[in-house]
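Peer 1: Numbers given in my numbering equal positions in the sequence shown, counted from 1, plus 8. Quick reminder that beta carbons are idealized off the backbone N, C-alpha and C, glycines included.
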Amino acid sequence: DSLWQVALGEASCLPLGMCILLIALGCHPAIPFLCAHNRDENRNRPSGDDKLEPETQIACGRDSQAGGMVLGLQSATGDFAALTNCRTHVKQDKDVLTSRGRLVERLVAEGPSGIEDFFRSRTFDGFHVVFGNVYDVAPQLQYLWNAPSDCVADGEPAQWHSGLSDLQGGRVFVVSNENPASVSGCSSADGGVVGSAVCAWPKCRWLERRAAEFLKALPEDPKVDDIQVGISRIMDAYDVPGLEPPERLPLWFGGEEEVLLHTGPFAPWRPSFKSFGTVSQRVMISDGRTQEMNYFHRSTNIGWETATPEHPTRCGEWERIRVPWAHRADVGRSEGENRDTDRGDDENRDPKRQCTSRHFTSRL
Numbered sequence: 009d010s011l012w013q014v015a016l017g018e019a020s021c022l023p024l025g026m027c028i029l030l031i032a033l034g035c036h037p038a039i040p041f042l043c044a045h046n047r048d049e050n051r052n053r054p055s056g057d058d059k060l061e062p063e064t065q066i067a068c069g070r071d072s073q074a075g076g077m078v079l080g081l082q083s084a085t086g087d088f089a090a091l092t093n094c095r096t097h098v099k100q101d102k103d104v105l106t107s108r109g110r111l112v113e114r115l116v117a118e119g120p121s122g123i124e125d126f127f128r129s130r131t132f133d134g135f136h137v138v139f140g141n142v143y144d145v146a147p148q149l150q151y152l153w154n155a156p157s158d159c160v161a162d163g164e165p166a167q168w169h170s171g172l173s174d175l176q177g178g179r180v181f182v183v184s185n186e187n188p189a190s191v192s193g194c195s196s197a198d199g200g201v202v203g204s205a206v207c208a209w210p211k212c213r214w215l216e217r218r219a220a221e222f223l224k225a226l227p228e229d230p231k232v233d234d235i236q237v238g239i240s241r242i243m244d245a246y247d248v249p250g251l252e253p254p255e256r257l258p259l260w261f262g263g264e265e266e267v268l269l270h271t272g273p274f275a276p277w278r279p280s281f282k283s284f285g286t287v288s289q290r291v292m293i294s295d296g297r298t299q300e301m302n303y304f305h306r307s308t309n310i311g312w313e314t315a316t317p318e319h320p321t322r323c324g325e326w327e328r329i330r331v332p333w334a335h336r337a338d339v340g341r342s343e344g345e346n347r348d349t350d351r352g353d354d355e356n357r358d359p360k361r362q363c364t365s366r367h368f369t370s371r372l
């Protein structure tokens, strides 16, 4: 068995959420690390605002229900982790579960040392997590997944498997909620293996291709703000013409609703699907020229309680936390100084702009 292959006991069937994660390592000389993350979740799930926590020095948005986080950065050390769920037909017994957000918290707070023992001593639902230290001109990250085989006879315990691999520099990595334990031999848009045999969903292949094209077209000395605007516009895409759902859809929502989650990386509020969608976004850009991390974040779920077709949910204003690579808890800037207050005039930063304004109309 591989280092991470484990069997995690009895399972029960419960639904899972969605997310999508993009990582680019060394895809531009000035930008050694770039991350974009859309969190898709039940719209009524409580969560805190992203901030640089004074007690922990972690930049994150806390999940108010389970206490963990889907993405975080330890500002004093540069330890980073980001999570997406693995959507399967199997979930663990909730009485013995550890929240997957706690795995991200552990990786960010203490780094990868000892993570194998932490992982083996707890029970998690299926996940994908990317982690490592990002304060470097050539950061090295790893990708860990944990998922069950979906083909399980009634009454039989699910067999759980895990895999660990290094992310390759010079390439864009994208993962959503695919199940690597149920497929093998699948390839990315450019022919390489995606993660650990993850069969990339079509929307992930589309995102990988668009992000790679965008980064390749950047000038030699790009502005961080321009990179953030460009990447966020790609992450905002939905109803992309010609983009088909995967051949095998998860079955937790109705068939039409499942299809709507695969029209692009963004899942907007829709009259036919009000309860679930993209609730927040994060873009992290490490600038090798200034040795500074730029952590952009916003809510995309404003007004969900009273949303109507005439007044759907709105996207909040992008905010920024700036953290120098040499940041330390005793010499770092205050939270107010870390937040960028120059929003600019671009429509992408308009707090009243509806999430639906990123509806895709161009051809692939």
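Output the distance between the C-alpha atoms of Cys27 and Ala44, rounded to the nearest integer angstrom.
Peer 2: The straight-line gap from Cα to Cα measures roughly 11 Å.
Peer 1: I'd like the span of the alpha helix (DSSP H) that includes Asp233, first residue to last.
Peer 2: Its alpha helix (DSSP H) spans residues 232 to 243.
Peer 1: Just confirm the distance between the C-beta atoms of Ile293 and Leu60, as a whole number of angstroms; I'd bet it's less than 8 Å.
Peer 2: With a Cβ gap of about 16 Å, Ile293 and Leu60 do not count as contacting.
Peer 1: Note down the Cα distance separating Asp133 from Asp48, rounded to an integer number of angstroms.
Peer 2: Approximately 17 Å, taken between the alpha carbons.
Peer 1: Roughly how far, in whole angstroms, is the beta-carbon of Gly109 from the beta-carbon of Val78, given that I think they are within contact range, below 8 Å?
Peer 2: Indeed they touch by this definition, with Cβ atoms about 6 Å apart.
Peer 1: Does DSSP put Lys59 in a helix, in a strand, or in coil?
Peer 2: Three-state result, Lys59: strand.
Peer 1: What does a CB cutoff of less than 6 Å around Leu29 pick up in its chain, not counting 5 residues either side in sequence?
Peer 2: Closer than 6 Å at Cβ, skipping near neighbours: His45, Ala90, Thr92, Val183.
Peer 1: Hey, how far is the Cα of Asn52 from the Cα of Glu216?
Peer 2: Between Asn52 and Glu216, the C-alpha separation is close to 30 Å.
Peer 1: Confirm, please, whether the CB-CB distance from Val145 to Ile31 is below 8 Å.
Peer 2: No, the pair does not count as a contact, with Cβ atoms beyond the cut-off.
Peer 1: State the Cα-Cα distance for the pair Tyr303 and Asp58, rounded to the nearest angstrom.
Peer 2: Going by the C-alpha atoms only, they are around 10 Å apart.
Peer 1: For the 8 Å Cβ check, are there 3 or more pairs between the stretch 71 to 86 and the stretch 121 to 129?
Peer 2: Output reads no: the stretch 121 to 129 does not touch the stretch 71 to 86.
Peer 1: Could you tell me the boundaries of the beta strand (DSSP E) in which Gly140 lies?
Peer 2: Segment 135 to 141, the beta strand (DSSP E) holding Gly140.
Peer 1: In chain order, what residues of the same chain have a beta carbon less than 7 Å from the beta carbon of Arg218, not counting five sequence neighbours either side?
Peer 2: Excluding sequence neighbours, Arg218 sits near Ile242.
Peer 1: Run the CB neighbour count on His36, radius 10 Å, all protein chains shown included, and call it buried at 16 or more, exposed below.
Peer 2: Per the 10 Å Cβ criterion, buried.
Peer 1: How many angstroms separate the CA atom of Asp244 from the CA atom of Glu164?
Peer 2: Each residue's alpha carbon lies about 41 Å from the other.
Peer 1: What whole-angstrom Cβ distance do Asp158 and Asn185 have, given they're in contact under 8 Å?
Peer 2: Going by Cβ atoms, the distance from Asp158 to Asn185 rounds to 13 Å, so no, they are not a contact pair.
Peer 1: Using a 10 Å radius around the Cβ and a threshold of 16 neighbouring Cβ atoms, would you call Gly250 buried or exposed?
Peer 2: Counting Cβ neighbours within 10 Å, Gly250 comes out exposed, since fewer than 16 surround it.
Peer 1: Locate the alpha helix (DSSP H) running through Pro373, then write down its first and last residues.
Peer 2: Shown here, the chain extends from 9 to 372; a query on residue 373 therefore has no answer.
Peer 1: Using alpha carbons as the reference points, say which of Glu313, Arg290, Arg297, Arg256 lies closest to Arg95.
Peer 2: Selected option, being the one with the closest Cα: Arg256.
Peer 1: Helix, strand or coil: which one does DSSP assign to Phe127?
Peer 2: Looking at Phe127 - three-state DSSP - the assignment turns out to be helix.
Peer 1: Looking only at C-alpha atoms, which of Trp153, Arg179, Ala189 sits nearest to Ser173?
Peer 2: Answer by Cα proximity: Trp153.
Peer 1: When you compare only the Cα positions, how much space is there between Ser72 and Trp168?
Peer 2: Approximately 28 Å between the Cα atoms of the pair.
Peer 1: Helix, strand or coil for Gly109 per DSSP?
Peer 2: Note: Gly109 maps to helix in three-state DSSP.
Peer 1: Measuring alpha carbon to alpha carbon, tell me which residue in Glu118, Ile123, Ser170 is nearest His136.
Peer 2: Comparing Cα positions, the closest option is Ser170.
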